[in-house]
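The working numbering puts the last residue of the sequence shown at 417; the count rises by one with no breaks.
Glycine included, each C-beta is placed from N, C-alpha and C at the ideal position.
Computed from a predicted structure; not experimentally measured.
A quick write-up on the structure given underneath.
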Amino acid sequence: MISLFTFQSPPGSCGYLPAQTWSLEYEVVGQLSVAEYAERLEQGWRRFGYSLFRPACPTCRACRPIRVPVESFKPNRSQRRAWKANHADVRITIGEPGASREKLDLYDKFHRAQAERVGWPGHDFEETREYVESFVENPFPSQEWTYRMGDRLVGVGYVDRLPAALSAIYFYHDPDERNRSLGTFNVLAILEAARLWQLPHVYLGFYVAGCRSLEYKGLFQPNEARDGDGDWRPFLV
């Protein structure tokens, strides 16, 4: 690994729980192997592109890194419905990450809908540079999962394949298809791929109680969360 620099963001209003104060620890790398990132993931880090990050908040500990043991996962009734509603109609293609106007437009449409529905800050990728830095340029090969109904793009996800896990980086979808529960379908598809590839875990990022956009991750059970001592333990919600 080649570490270029580290920094900690100044405390500010939390993007997940506005009443709380957050601060993030960052490390920007020039090189990072798959095995090295797998170790960082175990330690509670996440990444976008070449930037690693994890919470370093002054008082709050609500962000819990969460993962699902693939072998023991049991979908609930709602998740089984989401799978049944989508697996025959939605075509998933796994390939190399790339930017296109079609993806940027869908990303912006998704974020505008989330801003209206749950108060996300508005954002438009009028230029491709930020999108490329977040999702396309990576220190090791990553996967882009595209979801289509016919020829129409309805979802895009980014996934890291690691020696013993898949890590879900990000997923966005067409808000006009919200009744299909494509976010749930995306996680179920990743879990199914991990099962087929015989990988023990799927990492889902941070679970935050009280944050509508992140609480759904706790519904994929049984699951494990990383505690303050650095141990992964069964997590009940």
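By the DSSP assignment, the alpha helix (DSSP H) with Gln259 in it spans what residues?
For the purposes of this step, residue 259 is taken as the residue at position 79 of the sequence shown. Per DSSP, Gln259 belongs to the alpha helix (DSSP H) from 257–266.
Pick helix, strand or coil for Asp340, following the three-state DSSP scheme.
In the sequence shown, the residue the question calls residue 340 occupies position 160. In this structure, Asp340 counts as strand in the three-state DSSP scheme.
Quick check on the burial criterion: 16 or more other C-beta atoms within 10 angstroms. Buried or exposed for Pro190?
Locating residue 190 in the sequence shown gives position 10, where the first residue counts as 1. Pro190 should be labelled exposed.
Identify the continuous alpha helix (DSSP H) that holds Tyr217 and give its terminal residues.
Within the sequence shown, the letter at position 37 stands for residue 217. Where Tyr217 is concerned, the enclosing alpha helix (DSSP H) stretches over 214–222.
By alpha-carbon positions, which one of Ile246, Ile370, Leu184 ends up nearest to Ala389?
For the purposes of this step, residue 389 is taken as the residue at position 209 of the sequence shown. Residue nearest to Ala389 within the set Ile246, Ile370, Leu184 is Ile246 (criterion: CA-CA distance).
Any idea what DSSP makes of Gly192, helix, strand or coil?
Here residue 192 is taken as the residue at index 12 of the sequence shown, counted from 1. Three-state DSSP puts Gly192 in a strand.
Which value, in whole angstroms, describes the spacing of the CA atoms of Phe305 and Lys283?
What you label residue 305 is simply residue 125 of the sequence shown in a count that begins at 1. What you label residue 283 is simply residue 103 of the sequence shown in a count that begins at 1. The pLDDT assigned to Phe305 is 48, lower than 50, so where the model puts this residue is not dependable, and the model offers no usable value.
Starting from Ala373, trace the alpha helix (DSSP H) both ways and give me its first and last residue.
Looking up residue 373 in the sequence shown gives position 193. That run of the alpha helix (DSSP H) goes 362–376.
Considering only the beta carbon of each residue, do Val339 and Val250 sit closer than 8 Å?
The sequence position of residue 339 within the sequence shown is 159, counting from 1. The sequence position of residue 250 within the sequence shown is 70, counting from 1. Not closer than 8 Å, so no.
Quick check: what's the CA-CA separation for Ser252 versus Phe365?
On the sequence shown, position 72 is the one that residue 252 refers to. On the sequence shown, position 185 is the one that residue 365 refers to. Near 18 Å, if we compare the C-alpha coordinates of Phe365 and Ser252.
Going by the CB atoms, is the gap between Leu362 and Val248 shorter than 8 Å?
Locating residue 248 in the sequence shown gives position 68, counting from the first residue. Locating residue 362 in the sequence shown gives position 182, counting from the first residue. In this structure, Leu362 does not lie closer than 8 Å to Val248 by Cβ.
Could you tell me whether the Cβ atoms of Arg244 and Phe386 are closer together than 8 Å?
In the sequence shown, residue 244 corresponds to position 64, counting from 1. In the sequence shown, residue 386 corresponds to position 206, counting from 1. Closer than 8 Å, so yes.
What is the DSSP secondary structure of Ser347, counted as helix, strand or coil?
In the sequence shown, residue 347 corresponds to position 167, counting from 1. For Ser347, the secondary structure class from DSSP, reduced to helix, strand or coil, is strand.
Counting beta carbon pairs with one atom in the segment 310–317 and one in the segment 352–362, are three or more of them shorter than 8 Å?
Verdict: no, contact absent.
Inspect the beta-carbon positions of Leu368 and Pro255 and report whether they are closer than 8 Å.
The residue you call residue 368 lines up with position 188 of the sequence shown. The residue you call residue 255 lines up with position 75 of the sequence shown. In this structure, Pro255 lies closer than 8 Å to Leu368 by Cβ.
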